[in-house]
Structure formats: structure tokens, C-alpha cells
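For reference, the structure is listed below as C-alpha cells.
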């Protein structure tokens, strides 16, 4: 794994991207405060060419059945690109472009492009999936690990005795989760936290994370699906994506030679 890091800066915000480590964001700091959980498997990584769990690693493309590696038994999880080295295509002070060519174990050749753009008060991420040949179903999204507490306070808090980040959103429904962690196909009214669940937002993803007295950050996307995972003690995950878990089977988005899959998310913040 390459240790190369690409750093972008705008005002008092800076972000680092690790193309050799799945093109994940290794750091996002505002006023010198780290927002992302640190560690090789954390930060924020693109989920592509599928998001969340694919049931038993199996999916169909028309009449053709495919088997993916079961990397989170009994399912395949979070795509292949997070474990791959990406190429750096272009870098400026505030924007960088990265590419990854789809290959085994994904059965269809294609290219993924991620664009990272930073301003003083927002970070925009864009993903595009193109095919080099046959059409295929795919998904794309992001899996950020936001620190539950900001700062370096002891006893697990952010230094001010706070209770950590507050997550707020207004979802139209929640995908009922089965014992296998996959949606059952039934939509229910949103339940209280803790969550490892997919929510539907027909008007677009809009989730606010508030660290009292410090920062408010909004995760937004035109997509209508978001997974919220707040069970860990150290972090919360807010994952905008183009379909629900197991969407390769239940709600496939087809990538064709004339119609790539394109999606974006913007994280904007304000000081409190």
C-alpha cells in the first residue's frame, strides 16, 4: 500500500486523500480540529461498485449470475475499490481527481473516477462509474467515520464534558432490517437510535451532525438513500449512497456505454 497523501487546503480547512489506500480521506480538519476517525481502515472511503452488503455475494446481470468474494460472511460488503490503489489524475490547491480501473473480482471492466473539491466551508465528493464494454448494475456511495467527540479531551469526551455528536435527520421511512443485516423489503417508521440502518429521503439526503459548542456539519446528496451507523463508541457513520444495501439485487442502477453512474455528496459546516 502506497503511503502517498494528497493534501488540499482552503482557508482553515484541509483534507488529505490516500490514493494507495482505497482513495479514502485520511483526514478532514476544520480550524485544526480533526473530524474523521483516524486509522488505516477509517477516515472516509468510497463504496464502489456496490454499497453495504450484497446478499451472499451474489448478484445477477440479466441471466448471468455472479459470485463475489464473501469478505463479511455471509455477505460481500462495501465494494472492491476501498481495498485498491487508485491513480492520481490531477491535483490543484483545492481539487484533486483520482481514477481506478475495475478488475477482478468485479466481473465487468470499467473505470471509477473520484473528484475531491474543498472550499473554506464545504467538501464536495463526486463519483462516476463508466463501463469499458457491457452494461452492468452498480452502486456508489461514501462511508465516512466521523469522530463522536472532537478535541483531545480525556475520559472519551471532547475536552468540554460533552456527550458527543448529535445526529439529526427527517427520513420518510426506514428499511426494516432482518437478522442478516439486510433490508427485508418492508418500509417502517424510523426508529430511535442506535442504528445500523438504511433510511429513505425522497427529496435528497440531508443529515446534520452537531458537536455542541464547536461545529455543525451537514451531509447532503441528491440521492435518496443513507445508512446511519452510530453503534461504535468512537465514531458515527453517515453514508449517502445510490441505493439500499443489497441494491445490486433489489434496486440496480445500470451502467451503460452511454449512461454512466454519477453521484455526489457535499459536507458543509459552520462554527458554533
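Residue numbers (my numbering): 279 to 550.
Don't be surprised by glycine CBs; every beta carbon is placed ideally from N, CA and C.
Small disclaimer: the values here were computed from a predicted structure and weren't measured.
Item                                                                                                                                                                            : Value
Please list, in chain order, all residues of the same chain as residue 360 whose beta carbon is under 6 Å from its beta carbon, the five residues on each side excluded.        : 300 and 323
In this structure, how does DSSP classify residue 359 when only helix, strand and coil are distinguished?                                                                       : helix
Give a yes or no on whether the C-beta atoms belonging to residue 467 and residue 454 are separated by under 8 Å.                                                               : no
In whole angstroms, what separates the C-alpha of residue 513 from that of residue 420?                                                                                         : 15 Å
In whole angstroms, what separates the C-alpha of residue 547 from that of residue 499?                                                                                         : 15 Å
Note down, in chain order, each residue of its chain lying with its Cβ closer than 7 Å to the Cβ of residue 350, except the 5 sequence neighbours on either side.               : 331
Which one or two residues does DSSP pair with residue 421 in a beta bridge?                                                                                                     : 323
Among all the DSSP beta bridges, which residues are the ones paired with residue 281?                                                                                           : BP columns for residue 281 are empty, so no partner.
When DSSP builds the beta bridges, which residues end up paired with residue 416?                                                                                               : 531
Evaluate residue 302 with the Cβ neighbour count: other Cβ atoms within 10 Å of its Cβ, from every protein chain shown; 16 or more gives buried, anything less gives exposed.   : buried
Put residue 388 into one of helix, strand or coil per three-state DSSP.                                                                                                         : strand
Would residue 487 pass as a contact of residue 506 if the rule is Cβ separation under 8 Å?                                                                                      : no
Alpha carbon to alpha carbon, what distance is there between residue 287 and residue 457?                                                                                       : 43 Å
Within the same chain, show all residues whose beta-carbon is closer than 8 Å to that of residue 502, passing over the 5 residues directly before and after it, in chain order. : 478, 479, 480, 481, 482 and 483
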